[in-house]
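Chains as they are written, first to last, in the working numbering: chain A, 1 to 217; chain B, 1 to 217. Ideal Cβ positions, reconstructed from N, Cα and C, are used throughout, including at glycine. None of these values were measured; they are calculated from a predicted model. Accompanying notes for the structure given below.
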DNA sequence: ATATGCCTGTTGCAATTGCAACAATTATGG
DNA sequence: CCATAATTGTTGCAATTGCAACAGGCATAT
């Protein structure tokens with residue numbers, strides 16, 4: 001399963017085992033609802049989700065919790081924080097019973113020159129770069145004015161990721177609303193309107209777009 | 001001046017010269033309004049702003065331009081895109097007469113093991129990691145509901161960066177509105193209200209907070 | 001089967017916001 | 001110094017949105 005992570009993709013079994021050693025890998029199980037990191041904690045290792053799902057949120061200045069990202073199988077969380085060995089008021093929670101492979105950055109930073117270490121360094125940096133680009137997309141969604149526009153942008157991105165007009169989102173309505181930065185009931189309302197207009201159908205967290213919502217698809 | 005960039009901070013003059021060579025550094029001047037990269041272009045080098053300022057925006061699905069970031073002296077732009085050698089619909093514009101040091105990632109990715117190269121790799125990765133954390137803050141601002149809340153969060157961050165209650169922002173009102181994802185006139189209105197309430201004073205792009213806007217300062 | 005709790009949809013209402021148009025103020029260029 | 005452009009502030013109005021409260025559906029546990 002970890003081969004799905006770009007950090008390990010394409011490694012031979014021996015290389016993979018060496019990589020695990022280099023990164024002090026430790027697999028752990030976490031029950032749904034378990035807090036993997038609370039706001040003031042540091043993060044000694046970053047996580048690769050093997051199974052289940054994890055939410056990254058941030059403690060609001062007013063103490064409320066604000067959803068930053070959902071991390072599914074094959075995806076990672078906390079690399080930036082772990083690499084910098086800094087603290088940030090991030091909260092990480094298991095949103096489903098999950099297995100997580102915990103990895104340490106230390107081995108990437110020590111001076112060794114072996115081929116594997118160099119490859120992992122490149123891959124790690126590429127992961128961060130890719131995350132940066134994805135966050136640009138997220139910002140673009142949030143900066144839009146209306147709920148309709150946010151939904152268009154969000155669903156379009158889902159279509160792109162899924163490679164088809166039918167897909168599931170890893171959120172319930174409340175989570176989706178938090179992710180888009182809108183009120184939950186207002187989101188339900190807008191989704192209803194869009195369904196009435198024949199733009200899409202949905203059931204729970206599964207959506208099916210009837211056509212491209214945006215021009216230039 | 002480039003010493004202000006974490007990529008070069010603390011290097012000896014000789015190391016610095018070697019680093020410039022390694023990164024194929026080229027300094028260029030750009031007039032205000034010049035487009036450094038339009039939406040479909042690739043980005044063969046990333047930029048370190050020496051003087052002036054640069055705006056990174058993104059082509060909206062509807063073709064409108066959406067402000068993602070402002071880059072001031074000592075800061076960099078385009079590292080992620082350049083490192084991945086991918087294309088993304090980012091638009092980069094000089095918002096003032098500027099001098100930019102253009103740097104290439106190639107030298108970081110080739111296998112060499114010399115000390116300087118390793119140091120630059122570490123620093124480059126750290127830069128990306130830091131950017132990731134800053135983008136989290138930005139997302140947190142944008143995800144807030146009301147203009148008042150966005151302003152509180154934005155101004156609080158400015159105070160933190162400036163280290164004092166008085167600071168300038170690198171935007172005019174229109175840019176600030178775009179950065180916060182709100183209407184320009186609505187932003188002016190809200191700022192007026194806050195001034196009337198005695199929370200702050202401002203003139204053009206200079207602000208002075210009267211006190212911490214948020215509890216727990 | 002029934003009860004309980006969680007998630008989702010609905011709706012009225014008040015407040016906020018975007019929009020547009022215009023006034024006022026400040027830069028810019030000749 | 002004047003003319004012109006650019007930026008900022010103001011305001012009325014309509015539309016969107018958040019809020020709150022509630023109803024129905026679905027799942028789980030007993």
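query                                                                                                                                                                                         : result
Which residues in the same chain as residue 207 of chain A place their Cβ atom closer than 8 Å to its Cβ, once the five residues preceding and following it in sequence are excluded?         : 155, 158, 166, 167, 168, 169, 200, 201
Please confirm whether any heavy atom of the ligand MG lies closer than 8 Å to the CB of residue 204 of chain B.                                                                              : This structure lacks the ligand MG; in fact it carries no ligand of any kind.
Around the C-beta of residue 234 of chain B, are 16 or more other C-beta atoms found within 10 angstroms, so that it is buried, or is it exposed?                                             : The first residue shown for chain B is 1 and the last is 217, placing residue 234 of chain B beyond what the model contains.
With distance defined between alpha-carbon atoms, name the residue in A:116, A:184, A:149 nearest to residue 14 of chain A.                                                                   : A:116
Please state if the CB of residue 73 of chain A and the CB of residue 4 of chain A are separated by a distance shorter than 9 Å.                                                              : yes
May I have the straight-line CA-CA distance separating residue 102 of chain B from residue 29 of chain B, to the nearest angstrom?                                                            : 10 Å
Which residues in chain A have a C-beta closer than 7 Å to the C-beta of residue 111 of chain B? List them in chain order.                                                                    : 118
Would you list the residues sitting across from residue 58 of chain A in a DSSP beta bridge?                                                                                                  : A:66, A:90
Beta carbon of residue 50 of chain B, beta carbon of residue 34 of chain B: below 9 Å?                                                                                                        : no
Using the beta-carbon of each residue, which ones in chain A are nearer than 9 Å to residue 47 of chain B?                                                                                    : Under the 9 Å cutoff, chain A gives no residues; its nearest Cβ is about 15 Å from residue 47 of chain B.
Between which two residues does the alpha helix (DSSP H) carrying residue 132 of chain B extend?                                                                                              : 115-142
Under a Cβ-count criterion, where at least 16 other Cβ atoms within 10 Å of its own Cβ denotes burial, should residue 70 of chain A be classed as buried or exposed?                          : buried
Leaving aside the five residues before and after residue 36 of chain B along the sequence, list all residues of the same chain whose C-beta is less than 8 Å from its C-beta, in chain order. : 30, 47, 54, 92, 93, 94, 100
Which of the three DSSP states, helix, strand or coil, is assigned to residue 98 of chain B?                                                                                                  : strand
Buried or exposed: residue 52 of chain B, going by 16 or more other Cβ atoms within 10 Å of its Cβ?                                                                                           : buried
From which residue to which residue does the alpha helix (DSSP H) around residue 180 of chain B run?                                                                                          : 173-180
Under the rule that 16 or more other beta-carbon atoms within 10 Å means buried, what is residue 87 of chain B, buried or exposed?                                                            : exposed
Tell me which residues of the region 139-159 of chain A have at least one Cβ-Cβ distance to chain B shorter than 8 Å, keeping chain order.                                                    : 139, 140, 142, 143, 144, 145, 152, 153, 156
To the nearest angstrom, how far is the alpha carbon of residue 40 of chain B from that of residue 137 of chain A?                                                                            : 16 Å
For the alpha helix (DSSP H) containing residue 105 of chain B, list its first residue and its last residue.                                                                                  : Premise fails: residue 105 of chain B is in no alpha helix (DSSP H) and is neither H nor E.
Report the rounded CA-to-CA distance for residue 25 of chain A versus residue 6 of chain A, giving the unit in angstroms.                                                                     : 16 Å
Could you spell out where the alpha helix (DSSP H) holding residue 150 of chain B opens and where it closes?                                                                                  : 147-162
How is the alpha helix (DSSP H) around residue 209 of chain B delimited, first residue to last?                                                                                               : Element bounds for residue 209 of chain B: not the alpha helix (DSSP H) but the beta strand (DSSP E), 206-209.
Quick check: what's the CA-CA separation for residue 43 of chain A versus residue 21 of chain A?                                                                                              : 19 Å
Can you pull the chain B neighbours of residue 58 of chain A, defined as C-beta to C-beta under 7 Å?                                                                                          : 136, 140
Only counting the same chain, and skipping five residues up and downstream in sequence, which positions put a Cβ closer than 6 Å to that of residue 205 of chain A?                           : 168, 169
Can you give the Cα-Cα distance for residue 140 of chain B and residue 66 of chain A, rounded to whole angstroms?                                                                             : 7 Å
Are the Cβ atoms of residue 181 of chain A and residue 143 of chain B separated by less than 9 Å?                                                                                             : yes
So residue 22 of chain B is in the alpha helix (DSSP H); what residue range does that whole segment cover?                                                                                    : 13-22
Could you check the C-alpha separation between residue 18 of chain A and residue 150 of chain A for me, to the nearest Å?                                                                     : 44 Å
Quick check on residue 121 of chain B - is its C-beta less than 9 Å from some C-beta in chain A?                                                                                              : yes
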